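This report concerns only the one structure given below.
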Amino acid sequence: MSTIAAAPATSRVSIRRARVLGIVFMALGFAAAWWFGFGSESGLDSTFGLNSRSSEVDLPPLALPSRETALLLAAICVFLGAIQLTRGFGKQANLILGVAVGCFILAFLVWAARDDSLNMVGMLQSTLLRSVPITLGALSGLLCERSGVINIAIEGMMLTAAFMGAIVGSAAGSTWVGLILAVLAGGLLGALLAVLSIRYRVDQIVGGTVINILALGLTSYLSAQILARYQNLNSPGRFPVIEIPLLSDIPIIGPMLFANNLFIYLMFILVIGINIALFRSRWGLRVRAVGEHPKAADTVGIKVLGVRYRNVILGGMVAGLAGAYFTLGSVGRFDENMTGGRGFIALAAMIFGRWNPIGAFGAALVFGFADSLQNTLAILQVPIASEFLLMAPYIATILVVAGVVGRARPPAADGQLYIKE
Amino acid sequence: MKTETPPAEPQEIEPPRPRSRSIAVEALLIPLLALFSALVVGGIVMIFTDPEVARAWASVGRNPGNAISMSWDLVSSAYGALFEGAFGNPTALSETLLASTPLILAGLSVALAFRAGLFNIGAEGQIIGGMLTSSWVAFTLDLPLVIHLPIALIAGFLGGAFWGSIAGFLKARTGAHEVITTIMLNFIALNLLTFFLKTPIYQRPGRTDPLSKEVAESARLPSFGDYRVNWGIVLALLTAFVVWYLLFRTTIGFRFRAVGANPKAAAYAGMSVAGTYILAMALAGGLSGLAGTANLLGVVYSMSPGFLGYGFDAIALALLGRTHPLGVVLAALLFGALRAGALQMQGTAGVGTDIIVVIQALIIMFVAAPALVREIYRIRARSAIETDAITKSWAS
Amino acid sequence: MKIELKGITKRFPGVIANKDVDLIVNGGEVHALLGENGAGKSTLMNVLYGLYEPTEGEVLVNGEPVTFKSPGDAIDSAIGMVHQHFMLVPVFTVTENVMLGVEPTQNFGLLDKRKARARLVELSERFGLKVDPDAMVEDLPVGVEQRVEILKALYRKADCLILDEPTAVLTPAEIDDLFEVIETLKAAGVSIIFISHKLKEVMAVADRITVLRRGEVVGSTTPNETNEQQLAEMMVGRSVQLTVDVEQAQPGEKILEVTDLEVLDDRMHRTVKGVSFEVRSGEILAIAGVQGNGQTELIEGITGMRAVETGTVTLDGKDVTGSSSKRLFEMGMAHVPEDRQEDGLVTSFPIKDNLILNTYQNAPYSKGIVMNRDAIDAGADKLVKEYDVRTPSIEVNAAALSGGNQQKVIVAREFSHSNNLLIASQPTRGLDVGSIQYIHGQIVAKRNEGAAVIIVSSELDEILALGDRIAVMYDGKIIGVLDRSEATRERCGMLMAGLSGEGVVRQSATETSAVAEDERPPPPASSAEEETTS
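Chains as they are written, first to last, in numbering that gives the first Met the number 0: chain A, 0 to 420; chain B, 0 to 395; chain C, 0 to 533.
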């Protein structure tokens with residue numbers, strides 16, 4: 000009957016939402032003009048450095064007149080708002096929201112860097128680096144949840160893997176061995192989550208919580224018992240930077256994308272690979288069917304529980320990779336609770352990215368940017384409390400789950416037991 | 000959670016299932032076996048992480064007796080010290096009760112929310128919310144104790160209630176899943192705390208690090224004689240009674256439980272599900288706020304950045320106590336004992352205090368998976384009825 | 000393909016769903032499996048399809064014994080099943096749903112959607128099953144979803160097709176289409192197991208009929224050797240008298256008036272498209288229609304469970320549009336919801352708590368916020384006796400009761416107050432005959448006490464038995480209102496199929512206006528006056 004009833008209520012809800020968005024664009028524009036445009040004393044320049052530490056080509060820094068640039072960006076926001084209010088962008092509205100927010104942030108950066116200089120490339124580079132564990136963690140969550148198992152244990156899996164990577168990498172004297180064991184440790188915790196939630200029917204949130212606590216307790220305990228006594232077991236070394244010939248010489252993006260260590264390349268491969276696998280392959284079709292309607296999958300002969308076991312273990316392994324990044328890709332040693340809640344940011348990124356690998360990567364970049372911006376501002380000594388920037392990912396996620404900015408639709412069977420007689 | 004029901008309707012009434020002794024026994028047996036199993040696994044972890052004992056096991060072929068006796072010595076001295084440190088003398092007992100106080104309150108918070116069908120992972124954030132208000136009252140106002148202390152406690156309750164009700168409101172108005180929102184709100188609260196601790200309102204004069212002012216003497220929970228345990232434990236036990244009464248003897252509790260068990264039927268019967276979610280989260284938040292406040296006014300007297308770490312314990316306590324206030328109290332006393340005894344265990348047996356966290360995680364795991372416990376101890380399942388899963392999916 | 004089930008027994012904890020069932024289905028035969036709801040038909044088919052493992056007995060395909068551990072095994076033996084609740088992934092396209100489980104792939108396990116789509120199009124043309132292969136399933140009407148299910152089975156080269164209650168959600172026109180498809184399939188040599196509890200359909204479509212009752216085979220016959228009356232008796236085990244003795248209605252003053260009501264469903268589709276009607280005290284308005292034509296949303300809109308887009312609901316002369324269900328209850332509305340386990344009961348609560356679900360805040364059950372446990376127990380004991388709820392104790396959880404007793408608990412709760420408006424959706428769905436008769440009796444008693452009653456049912460027999468007036472919903476509108484005297488199975492059926500141009504509607508519409516002008520005296524024509532057709 001729905002075809003007949005299909006005339007979808009071009010309901011007042013969506014019209015109201017369109018208006019609200021238009022007003023939001025306008026507000027962003029006026030706020031940017033007021034704070035950042037007129038907030039910048041006229042005659043000052045904002046200088047943006049375009050070189051990274053490793054690049055060979057020396058680009059001249061970009062100097063922009065602060066007030067004029069900020070006002071221009073503000074004008075764009077207002078203009079977009081005017082169009083949204085009169086004509087409406089329809090389905091593109093969310094994209095335009097991104098553009099407007101982008102303009103606002105750029106205007107803010109121009110203001111923050113007035114009469115000063117800010118290394119743009121450096122900031123973007125650190126954005127990418129900070130997004131690595133978040134992206135990988137989000138991919139881990141996504142692999143589990145697409146098959147219908149909620150994974151809030153990303154944090155615990157990462158922490159355990161970070162510890163494993165450090166201790167095994169040090170003991171074996173090989174970062175590679177450390178990496179493999181870290182990934183296996185993640186997979187093992189994935190298996191634990193799978194067994195608890197599938198075989199023993201433990202509530203998936205409770206199962207995840209158990210793993211988080213267990214991981215925190217075990218790693219803290221072991222690091223006090225072992226790492227504190229044997230310091231040499233906590234120096235695994237790090238994976239070296241691999242510069243990809245030619246590509247890494249491209250100005251600006253070269254050093255950003257093509258002069259990184261293994262983890263960044265693996266992240267790109269996984270984002271693209273999982274995206275293709277999930278939406279184009281037989282495996283992905285079946286995984287999504289299990290996550291959306293397990294009984295339907297069962298009736299066509301798909302082994303629902305098998306798919307779930309496999310995916311949760313795979314998810315654990317990806318979280319293990321994310322954890323290894325901390326010790327083997329970034330810091331080079333293990334510290335207690337060093338993941339510091341990034342597993343939960345990864346969960347947020349997964350939701351913000353709507354259970355989609357590309358989306359999750361995008362969300363992780365946004366969150367990484369907030370993190371790196373907070374650092375940059377500290378250097379520029381901008382009088383803005385960095386705590387509010389650090390809150391941004393969490394607030395953004397709440398807005399998404401509350402349906403303020405588009406609604407995230409999780410897999411329909413996410414979190415539900417599947418029991419067969 | 001929807002499980003498959005056989006399509007055939009049973010036409011006969013099933014025989015009555017009186018609350019037989021076996022159920023009562025099982026209700027106690029599973030947690031006890033869970034505790035026992037967790038201690039055993041914890042012991043194994045100790046054995047293989049102690050360098051000397053582990054070395055003895057590496058050469059177990061040559062001297063098996065040595066390895067076994069060393070292991071026994073280690074584990075028995077560790078648990079002995081743990082017990083000693085928790086119950087061995089009045090001071091130890093006082094420490095146990097002191098450690099239990101915030102645990103009882105936080106556990107009640109999660110348990111109350113569970114009863115209304117809400118999974119409150121946000122105790123940690125609500126604790127911060129409660130401390131932010133109660134500490135302000137406690138270090139700003141200057142009043143006699145009989146007025147100051149109650150006001151500070153109420154402020155703590157309200158602060159936590161406010162923070163908790165955000166998640167309730169979001170769920171009621173937009174359907175946003177409380178597990179996600181409370182996790183996010185925890186981190187938002189953490190950042191807010193760090194921010195406030197650097198503002199002149201909260202920061203201790205003369206300090207550059209984020210540390211709050213000290214609460215006034217008149218707002219502190221008085222201790223009993225020379226022991227550190229204070230009136231907080233009385234407050235916690237009274238609160239447990241109030242929560243029990245609320246849940247099982249009042250219309251509010253009836254509504255909470257009906258909404259928690261079947262929100263749709265509750266709505267059809269005219270109950271306001273949205274209102275119940277908001278109220279339940281507010282009360283749960285208030286209880287967490289009290290937990291933080293009891294710790295602030297009874298033990299630490301000032302705030303520093305970071306989570307207190309009660310949030311996840313609270314989930315464990317609610318599960319271990321089967322979301323019943325009395326169960327939560329007993330579970331909290333157990334966890335309090337573990338916390339209190341841990342220091343002595345470290346001193347005597349050289350086993351790090353963090354092993355307690357491992358044991359706690361194992362306890363929840365075993366309690367949450369009764370099927371696993373039954374399998375290990377070969378207990379026949381009483382019936383097909385398993386623990387009800389608590390959360391539904393993220394969706395809806 | 001020949002399929003034999005030999006001595007199948009399936010036990011669930013506490014229930015025997017099938018007991019020593021034998022069934023033989025020959026190639027190219029339409030074999031109907033007839034039985035009441037809960038007779039064990041679906042269980043038996045789930046055994047054949049590998050979803051359940053039989054406790055005892057064996058399955059033979061073309062004379063060879065087989066064991067199906069999972070549906071995959073059944074599919075491999077060329078058995079396909081169209082479940083009563085469709086097994087389709089809503090967010091997948093038709094092609095994706097059809098290919099799921101037997102996906103053609105290219106290199107690296109990448110899907111070959113083009114190949115699957117081509118085969119799907121070919122099949123859909125060959126068997127006359129029209130579908131858009133690229134449509135999202137969640138956007139399709141139910142009838143088309145069913146076609147997708149059949150295509151899914153055919154795509155897997157099924158030689159035997161199990162159709163589980165395939166007509167339950169279809170309009171009569173869609174049912175005719177389905178029967179044509181069945182003929183085509185039969186001609187192609189496919190054997191079909193047709194599960195139903197509807198006698199007429201079984202008589203029309205089956206080559207052979209096997210009747211199940213309480214999990215056991217009570218007989219096997221052919222349409223030529225039997226008739227509906229005989230089949231009905233086999234199904235229920237005793238002579239049925241579904242028609243309740245209903246005296247002539249004595250409609251009094253207007254209780255409920257609904258005007259131009261529009262309601263959206265969960266997907267924000269307008270599902271109720273301008274419905275108007277009124278119900279008077281002392282009469283039963285029965286709302287008929289195939290499931291999913293807006294009845295559910297209409298009732299939810301009236302009872303305050305769903306937001307109303309436009310239109311008004313007036314109860315006792317007061318505008319109650321969008322009022323909470325609590326306020327409506329206080330104004331004297333009783334509501335027996337459609338899904339008793341999901342909406343009517345808290346199954347994990349004891350009976351006594353379920354009985355006060357809407358009165359827990361009132362005296363004598365509570366004072367202030369404190370509940371009075373003695374009063375609750377006393378009240379529950381009384382109601383359980385009064386409404387014949389068969390239970391050993393009021394402490395028993397509602398989940399442990401049979402469907403009939405669960406429904407009696409709801410009826411006891413809702414009917415035990417003085418009501419002026421009674422709304423009951425699918426009040427007897429899935430119940431045994433005894434409970435049906437009891438509940439019908441209670442509804443009629445309420446009417447005779449002077450309550451205005453609305454019954455929603457997809458069972459035409461129930462509608463005809465109870466309704467003083469019958470309103471038929473189709474596509475979100477009431478397309479016709481019939482008086483008891485003029486309501487026949489055929490006329491209702493036509494309206495349910497959306498065929499309103501047959502004069503029925505127009506005639507009554509003109510009658511209404513004529514009546515309005517010269518105010519003819521009450522019964523029997525009176526009920527026609529109230530008709531408000533859309």
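No residue lacks a Cβ here, since even glycine has one placed at the ideal position from N, Cα and C. Quick caveat, the model's predicted, so the values are computed rather than measured.
For residue j and residue i, believed in contact at Cβ under 8 Å, the rounded distance
i, j, result
"Thr85/A", "Ala62/A", "Thr85/A to Ala62/A, Cβ: 36 Å. No contact."
"Leu400/C", "Val408/C", "7 Å"
"Ser280/A", "Gly108/C", "5 Å"
"Glu296/C", "Val312/C", "The Cβ separation is near 13 Å, so there is no contact."
"Ser301/B", "Lys212/B", "7 Å"
"Val242/B", "Pro324/B", "5 Å"
"Gly288/C", "Val471/C", "6 Å"
Endpoints, beta strand (DSSP E) assigned at residue i
i, result
"Pro165/C", "Counting along the chain, Pro165/C falls outside any beta strand (DSSP E), and DSSP gives it neither H nor E."
"His30/C", "29–33"
Coarse secondary structure for residue i, derived from DSSP in three states
i, result
"Ala412/A", "coil"
"Ala239/B", "helix"
"Thr256/C", "With the sequence shown as reference, residue 256/C is identified as Glu, and Thr is not the correct amino acid for it. Note: Glu256/C maps to strand in three-state DSSP."
"Pro60/A", "coil"
"Gly209/C", "The sequence given here has Thr at residue 209/C, not Gly. Thr209/C: strand per DSSP, three-state reduction."
"Leu153/C", "helix"
"Ala287/C", "strand"
"Asn96/C", "helix"
"Gln83/A", "helix"
"Asn231/A", "helix"
"Asn261/B", "coil"
"Ser238/C", "The predicted position of Ser238/C is uncertain, since its pLDDT is 49 and thus under 50; no value can be drawn from it."
"Ala6/A", "Here Ala6/A scores only 34 on pLDDT, less than 50, and its place in the model should not be relied on; the value that follows carries that caveat. DSSP places Ala6/A in coil when its eight states are reduced to three."
"Gln228/C", "helix"
"Ile200/B", "coil"
"Glu541/C", "Residue 541/C lies beyond the residue range present for chain C, which begins at 0 and ends at 533; the question has no answer from this structure."
Enclosing alpha helix (DSSP H) for residue i [first to last residue]
i, result
"Arg269/C", "Segment 269–279 is the beta strand (DSSP E) holding Arg269/C; no alpha helix (DSSP H) there."
"Leu119/C", "112–125"
"Lys325/C", "324–329"
Heavy atom of the ligand GTP within 6 Å of residue i beta-carbon
i, result
"Asn93/A", "Although the ligand GTP was asked about, the structure shown includes no ligands whatsoever."
Q.
So if I threshold CB-CB distances at 9 Å, which residues from the segment 316–333 of chain A count as touching chain B?
A. Answer in chain order: no residues at all.
How about the segment 17–34 of chain C and the segment 200–220 of chain C: do they share at least three Cβ pairs that are nearer than 8 Å?
-> Two segments are said to touch when three or more pairs of C-beta atoms, one from each, lie closer than 8 Å; by this definition the segment 17–34 of chain C touches the segment 200–220 of chain C.
Q.
Would the segment 82–95 of chain C count as touching the segment 135–150 of chain C if we require 3 or more Cβ pairs under 8 Å?
A. Between the segment 82–95 of chain C and the segment 135–150 of chain C there are three or more inter-stretch CB-CB distances shorter than 8 Å, so the stretches are counted as touching.
### Task
Please determine if the segment 369–380 of chain B and the segment 165–175 of chain C are in contact, where contact requires at least 3 C-beta pairs separated by less than 8 Å.
The segment 369–380 of chain B makes no contact with the segment 165–175 of chain C; the number of CB pairs closer than 8 Å stays below 3.
Problem - Against chain C: residues of the segment 247–259 of chain B by CB proximity under 7 Å - result: Cβ contacts with chain C come from Arg248, Thr249, Thr250, Ile251, Phe253, Ala257.
Members of the segment 261–275 of chain B near chain C, C-beta cut-off 8 Å: Residues passing the 8 Å Cβ filter: Asn261, Lys263, Ala264, Ala265, Ala266, Tyr267, Ala268, Gly269, Met270, Ser271.
Taking beta-carbon pairs under 9 Å, can you tell me which members of the segment 283–301 of chain A lie near chain C? Hits within the stretch, in order: Gly283, Leu284, Arg285, Arg287, Ala288, Glu291, His292, Lys294, Ala295, Ala296, Asp297, Thr298, Val299, Gly300, Ile301.
Check whether the segment 194–209 of chain A and the segment 323–332 of chain B are in contact - that is, three or more C-beta pairs closer than 8 Å.
Because the criterion of three Cβ pairs below 8 Å is not met, the segment 194–209 of chain A and the segment 323–332 of chain B do not touch.
Q.
Whether or not the segment 43–53 of chain C and the segment 120–129 of chain C are in contact is what I'm after, with contact meaning three or more pairs of Cβ atoms, one per stretch, closer than 8 Å; do they touch?
A. Verdict: no, contact absent.
> Residues in the segment 182–202 of chain A with C-beta within 7 Å of chain B's C-beta atoms, listed in sequence order?
Replying inline: The residues in question are Leu195, Tyr199, Arg200, Val201, Asp202.
- Item | Cβ pair count under 8 Å reaching 3, the segment 199–215 of chain B against the segment 359–374 of chain A | With a cut-off of 8 Å, the segment 359–374 of chain A and the segment 199–215 of chain B do not count as touching, because too few Cβ pairs lie within range.
Quiz prompt | Against chain A: residues of the segment 340–353 of chain B by CB proximity under 7 Å | solution = Within the segment 340–353 of chain B, the qualifying residues are Gly351, Asp353.
- prompt: Going along the chain, which residues of the segment 284–306 of chain B sit with their C-beta nearer than 8 Å to a C-beta in chain A?
  reply: For the segment 284–306 of chain B, which is checked against every Cβ of chain A, not one residue is closer than 8 Å.
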